[in-house]
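Presented below is the structure to which this report refers.
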Amino acid sequence: MSATGIGAAVRRKEDLRFITGKGQYTDDVIRPGETRAVFVRSPHARAKIKSIDVNEAKKMPGVVAVLTGAELANDKIGNLICGWMIHSKDGSPMKMAPHPALAATSVNHVGDAVAVVIAETKAQGRDAAEKVKVDYEPLPAVVDPGKAQGKGAPQIHEVAPNNTIYQWHLGDQKAVEAAFAQAKHVTRLDLINNRLVPNAIEPRAALAEYDSGTDQLTLWNTSQNPHVARLVIAAFVGMAPEHKLRVIAPDVGGGFGSKIFIYPEEVVCLWASRKVGRPVKWTAERSESFLTDAHGRDHVTHAELALDGNGKILALRAKTIANLGAYMSTFSSSVPTYLYGTLLSGQYDIPQIYCEVDAVYTNTVPVDAYRGAGRPEATFVVERLVEVAAREIGIEPAELRKRNFIKSFPHQTPVIMAYDAGDYNASLKKAMELADVKGIGKRKRESARNGKLRGIGYSTYIEACGIAPSQAVGSLGCGVGLWESAEVRVNPTGSVEVLTGTHAHGQGHETTFAQLVSERLGIPFENVSIVHGDTDKVQFGMGTYGSRSGAVGMSAIVKALDKIEAKAKKVAAHMLEAAEGDIEFKDGKFSVAGTDKTAAWGDVALNAYIAHKFAGQELEPGLKETSFYDPTNFTFPAGCHICEVEVDIETGNTEIVGWTAVDDFGTVINPMIVEGQVHGGIAQGVGQALLEGAVYDKDGQLVTGSLMDYTMPRAHNLPSFNVGLTETKSPSNPLGIKGCGEAGAIAAPAAVINAITDAIGSEQISMPATASAVWSALQRTPAARKAAE
Amino acid sequence: MYNFTFHRPTTVRQAAGLLAKNPDGKLLAGGHSLIPVMKQRLAQPSAIIDLSKVEGLAGVELKGRSVVVGAMTRHADVANSPVMQQALPGLAEVPGSIGDPQVRNWGTIGGSIANNDPNADYPAACLGLGATIITNKRKIAADDFFTGMFSTALEDGEIITKVSFPIAKKAAYVKFKHPASGFALVGVFVSKRGSDIRVAVTGAGANGVFRVKSFEEALKKRFAAKSLEGMTIPATGMNSDIHAGAEYRAHLVGVLARRAVAKATA
Numbered sequence: 001m002s003a004t005g006i007g008a009a010v011r012r013k014e015d016l017r018f019i020t021g022k023g024q025y026t027d028d029v030i031r032p033g034e035t036r037a038v039f040v041r042s043p044h045a046r047a048k049i050k051s052i053d054v055n056e057a058k059k060m061p062g063v064v065a066v067l068t069g070a071e072l073a074n075d076k077i078g079n080l081i082c083g084w085m086i087h088s089k090d091g092s093p094m095k096m097a098p099h100p101a102l103a104a105t106s107v108n109h110v111g112d113a114v115a116v117v118i119a120e121t122k123a124q125g126r127d128a129a130e131k132v133k134v135d136y137e138p139l140p141a142v143v144d145p146g147k148a149q150g151k152g153a154p155q156i157h158e159v160a161p162n163n164t165i166y167q168w169h170l171g172d173q174k175a176v177e178a179a180f181a182q183a184k185h186v187t188r189l190d191l192i193n194n195r196l197v198p199n200a201i202e203p204r205a206a207l208a209e210y211d212s213g214t215d216q217l218t219l220w221n222t223s224q225n226p227h228v229a230r231l232v233i234a235a236f237v238g239m240a241p242e243h244k245l246r247v248i249a250p251d252v253g254g255g256f257g258s259k260i261f262i263y264p265e266e267v268v269c270l271w272a273s274r275k276v277g278r279p280v281k282w283t284a285e286r287s288e289s290f291l292t293d294a295h296g297r298d299h300v301t302h303a304e305l306a307l308d309g310n311g312k313i314l315a316l317r318a319k320t321i322a323n324l325g326a327y328m329s330t331f332s333s334s335v336p337t338y339l340y341g342t343l344l345s346g347q348y349d350i351p352q353i354y355c356e357v358d359a360v361y362t363n364t365v366p367v368d369a370y371r372g373a374g375r376p377e378a379t380f381v382v383e384r385l386v387e388v389a390a391r392e393i394g395i396e397p398a399e400l401r402k403r404n405f406i407k408s409f410p411h412q413t414p415v416i417m418a419y420d421a422g423d424y425n426a427s428l429k430k431a432m433e434l435a436d437v438k439g440i441g442k443r444k445r446e447s448a449r450n451g452k453l454r455g456i457g458y459s460t461y462i463e464a465c466g467i468a469p470s471q472a473v474g475s476l477g478c479g480v481g482l483w484e485s486a487e488v489r490v491n492p493t494g495s496v497e498v499l500t501g502t503h504a505h506g507q508g509h510e511t512t513f514a515q516l517v518s519e520r521l522g523i524p525f526e527n528v529s530i531v532h533g534d535t536d537k538v539q540f541g542m543g544t545y546g547s548r549s550g551a552v553g554m555s556a557i558v559k560a561l562d563k564i565e566a567k568a569k570k571v572a573a574h575m576l577e578a579a580e581g582d583i584e585f586k587d588g589k590f591s592v593a594g595t596d597k598t599a600a601w602g603d604v605a606l607n608a609y610i611a612h613k614f615a616g617q618e619l620e621p622g623l624k625e626t627s628f629y630d631p632t633n634f635t636f637p638a639g640c641h642i643c644e645v646e647v648d649i650e651t652g653n654t655e656i657v658g659w660t661a662v663d664d665f666g667t668v669i670n671p672m673i674v675e676g677q678v679h680g681g682i683a684q685g686v687g688q689a690l691l692e693g694a695v696y697d698k699d700g701q702l703v704t705g706s707l708m709d710y711t712m713p714r715a716h717n718l719p720s721f722n723v724g725l726t727e728t729k730s731p732s733n734p735l736g737i738k739g740c741g742e743a744g745a746i747a748a749p750a751a752v753i754n755a756i757t758d759a760i761g762s763e764q765i766s767m768p769a770t771a772s773a774v775w776s777a778l779q780r781t782p783a784a785r786k787a788a789e
Numbered sequence: 001m002y003n004f005t006f007h008r009p010t011t012v013r014q015a016a017g018l019l020a021k022n023p024d025g026k027l028l029a030g031g032h033s034l035i036p037v038m039k040q041r042l043a044q045p046s047a048i049i050d051l052s053k054v055e056g057l058a059g060v061e062l063k064g065r066s067v068v069v070g071a072m073t074r075h076a077d078v079a080n081s082p083v084m085q086q087a088l089p090g091l092a093e094v095p096g097s098i099g100d101p102q103v104r105n106w107g108t109i110g111g112s113i114a115n116n117d118p119n120a121d122y123p124a125a126c127l128g129l130g131a132t133i134i135t136n137k138r139k140i141a142a143d144d145f146f147t148g149m150f151s152t153a154l155e156d157g158e159i160i161t162k163v164s165f166p167i168a169k170k171a172a173y174v175k176f177k178h179p180a181s182g183f184a185l186v187g188v189f190v191s192k193r194g195s196d197i198r199v200a201v202t203g204a205g206a207n208g209v210f211r212v213k214s215f216e217e218a219l220k221k222r223f224a225a226k227s228l229e230g231m232t233i234p235a236t237g238m239n240s241d242i243h244a245g246a247e248y249r250a251h252l253v254g255v256l257a258r259r260a261v262a263k264a265t266a
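From first to last, the protein sequence lines stand for chains A and B.
Be aware that the first sequence starts at 1, since it is given in my numbering, and climbs by one per residue.
Be aware that the second sequence starts at 1, since it is given in my numbering, and climbs by one per residue.
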């Protein structure tokens, strides 16, 4: 292993600009003559728009234009779409309601945009926005997914009776029923997967500029996938032909899924920039982020696990209601279906699984993918069921897991996925050693002496990452293919630029991708630069989400590097006057087998461009190759997280006193970056389990609409993590990478809740397990009260 | 934020004059509560009168059997004051628990108590020590100063200049932080100064900071955590929100009072 190659803990190249304030985010881009957009948003969760009067607003100082939904519709700007078709069990397609970028006739959640003021300054825009008079007729709203389908519930969209978007299912219902009939033990749980607000540190932003000379539109935006944004805005919204729209996602400060989607604000800025003939910029305020960034999770689930007399799992079934909010966001339909139901086998050999999911509209912010997307929800169901089953039967939770682990690969689950590789026992065993599970009894007694209840909780999670084979996702309804692209450009001096279709917004691709190229070509790490995020520079690519950039994006680079090497060998053969087949390439040097004749990488690169040693008929000059890589399968990262907590009996406060994570991510390119991803993921998972939760009141007002009420995890909420790795390589991509970006967020919530319920002796606790919630649970729990005394 | 005129007086007299001329003007004494609501356009004062350059308003000094804190003394300066740490270590901990370093380096004691946020920490310390709030017009006992949520005995044009804390032999503050905001979900300040025993609670009451007479009576017999064993207060009149119900807050008052007494007597 070289100091900067695969497996080296290289410091991140991008950090110099980030920590010295030199990052260039969308809001940092300033165009001559730019104006500011300020949106007029609905204060009602549901209302009819009777009229909008913009006359006074238009006369305010600095106002360039005031635009409404009616004008947007007049200009034939298309609706936003959901790009993943889900069919109900009766075969009918999902009920996608119109989602205009500016509402013209009705609003469906607090924060729904109805008009936009374009002004010289933001302050002038805000002043004018207050003068836009919208006459609303407020209507009753529904916010609770459990009530959305009920009799008499307000009907949000005409196309979706009973607010039901689809009623999807997966698995063999009859076989599952038969298995439950045979069961010696059945564990039943009602679970709520709490609604989360993403809160990336950089708020969403858009800057649009129209050039009337070339009829070209440019959009700078906070996107995880600029090409997908361009495709949707061109082909579906109809803003401009694809070749007349350039999308640039410069430095982006965190996404966690929330920046995958195509949002109303970027559509409106593009439209407005053409209308006013000047650049238009919008940057969300934090309170706008709370009201408009797609939220995550929000499932209500009843789940059951059937076991035989030996603790062997016979079957699992789950019925989930998934809240998709007021409109279907870009990939929202896939999250509670193919990213959820397909993972309900966990790490276990479960013969039969049946899952039903009803997706519903409510008068809340749209819900879509958020770090883990469906897989945290699945893991929470499976890992809570297994833990509770073990406690009910009286088998050690780790032992019950071991008895049911999948032990041979490939393994076909009853819910589509074919796991390719893993060693679940290995990660469990290593985690138990690192966490000193043997000493837990002693530690529990020590805690009890200090008035504390100590508990330990496991989460042996699985996820499907490296999203994913295009044919597979196409057959499941995805509107696009999920391959990835790379172009490797070797310059005449031998330095290399890699144009990747992925996008980095915190992941460190500029470092890890350069490590791959450095290792493979034997050239200094510093001589490699990674280019992403600009549709004018980079070939079409699918972007970054679902822990796919390593497994899919780097595989595309490998394929392009293969072609580079093949071409370079041809050049070297001409230079060294040898047969192409005799050229060997190692450590950045070409040599002729069996001789001492060599050519250095830089000389070969130069010769490829000066083309003095070969004729154009036999070899094209230049050294630049492109590859589009489509994986053969998802990847299946898995591992074991063990959380140890102490609960203060008097206050109910939970302190996480220990965290062990042993993950199998396949090949690791940069262990420091991987560890950072694990830390961040756990922090978000702990946030969900202990602190975070979006709360709406019955009228549809977001009660947790600011960081004063919505609790984000802070450093003091977290222990020092004890992180380890095991490794089985993924056979589905050339590097053996599985992906690491979401694991922590997927594993953590179940581990925390399993630990708290172990501590307090009650399963009746939902997320977030705040001090007051745990204290209330303790008041209901005789066993815990006894322990307290 | 709406437009406003900005004034920076250098004397209390000038500040009072400006306040008299601008009836809906606001004093700026840190601004961590005022500026956010102005940015959200929920408040639109016509004038801001910044007290940061008024001379003689900052500092911590020992005066007889009291510690006197200037109204514009930053939280960090109170927390780190050797005088305070020596004379009233239990009080020094109060500003040390407020917000984050940025807040502590800018927020002031005068700003905090004039605002009387029902979840703020300083009101508990003032009431819990029987402090005297000194203004440009008069002296007000803490017992008379805090009149309800975001409301005080301050009259129009009245400016807090100092707060005088009598030195108590035993004093401690225990705070259970609101998980999101870091304010006091419940905070309890206890003190014993001769026969004057005080238990003051912030965060819990729907009407702001209050004293718990039943606890004080129990502690008069013996100033020890044990004296409060099993004691609690009724949930009526407690705040209730998504973070904590009234019953839980009432329960925490008992728990934190015991812990505060234990800390004060440790």
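Beta carbons: idealized from backbone N, C-alpha and C, even for Gly.
Within 10 Å of its beta-carbon, does residue i have 16 or more other beta-carbons around it, so buried, or fewer, so exposed?
i	result
residue 420 (chain A)	buried
residue 10 (chain B)	exposed
residue 362 (chain A)	buried
residue 249 (chain B)	buried
residue 272 (chain A)	buried
residue 65 (chain B)	exposed
residue 112 (chain A)	buried
residue 329 (chain A)	buried
residue 38 (chain A)	buried
How long is the line joining the alpha carbons of residue i and residue j, rounded to whole angstroms?
i	j	result
residue 789 (chain A)	residue 159 (chain B)	Only weak support exists for where residue 789 (chain A) lies, its pLDDT of 49 falling under 50; the value from the coordinates is given anyway. About 51 Å.
residue 489 (chain A)	residue 681 (chain A)	34 Å
residue 150 (chain B)	residue 16 (chain B)	21 Å
residue 400 (chain A)	residue 640 (chain A)	14 Å
residue 776 (chain A)	residue 652 (chain A)	8 Å
residue 185 (chain B)	residue 126 (chain A)	34 Å
residue 544 (chain A)	residue 503 (chain A)	5 Å
residue 798 (chain A)	residue 457 (chain A)	Summary: the structure shown does not reach residue 798 (chain A), with chain A confined to residues 1 through 789, and so no result is reported for it.
Please compile the residues from chain A whose C-beta is within a distance smaller than 7 Å of the C-beta of residue i.
i	result
residue 255 (chain B)	650 and 651
residue 122 (chain B)	The premise fails here: residue 122 (chain B) is roughly 18 Å from chain A at the closest Cβ pair, so nothing lies under 7 Å.
residue 245 (chain B)	772
residue 252 (chain B)	651
Starting from residue i, follow the alpha helix (DSSP H) in both directions and report where the run begins and ends.
i	result
residue 144 (chain B)	142 to 145
residue 248 (chain A)	It is not in any alpha helix (DSSP H) - residue 248 (chain A) instead sits in the beta strand (DSSP E) that spans 245 to 248.
Between which two residues does the beta strand (DSSP E) holding residue i run?
i	result
residue 722 (chain A)	721 to 726
residue 191 (chain A)	185 to 193
residue 455 (chain A)	452 to 462
residue 402 (chain A)	Run containing residue 402 (chain A): none in the beta strand (DSSP E); it sits in the alpha helix (DSSP H), 397 to 404.
Residues of chain E with CB under 8 Å from residue i, in chain order?
i	result
residue 293 (chain A)	Among the protein chains in the structure shown, which are A and B, there is no chain E.
Identify the contact partners of residue i in chain B, using a Cβ-Cβ distance below 9 Å as the criterion.
i	result
residue 707 (chain A)	180 and 181
Can you name the residues of chain B whose CB is closer than 7 Å to the CB of residue i?
i	result
residue 691 (chain A)	179
Inspect the CB distances between the region 318 to 328 of chain A and the region 145 to 163 of chain A and report whether three or more fall short of 8 Å.
-> The region 318 to 328 of chain A vs the region 145 to 163 of chain A: in contact.
For the region 337 to 351 of chain A and the region 155 to 163 of chain A, state whether three or more C-beta atom pairs, one from each stretch, are separated by less than 8 Å.
-> no
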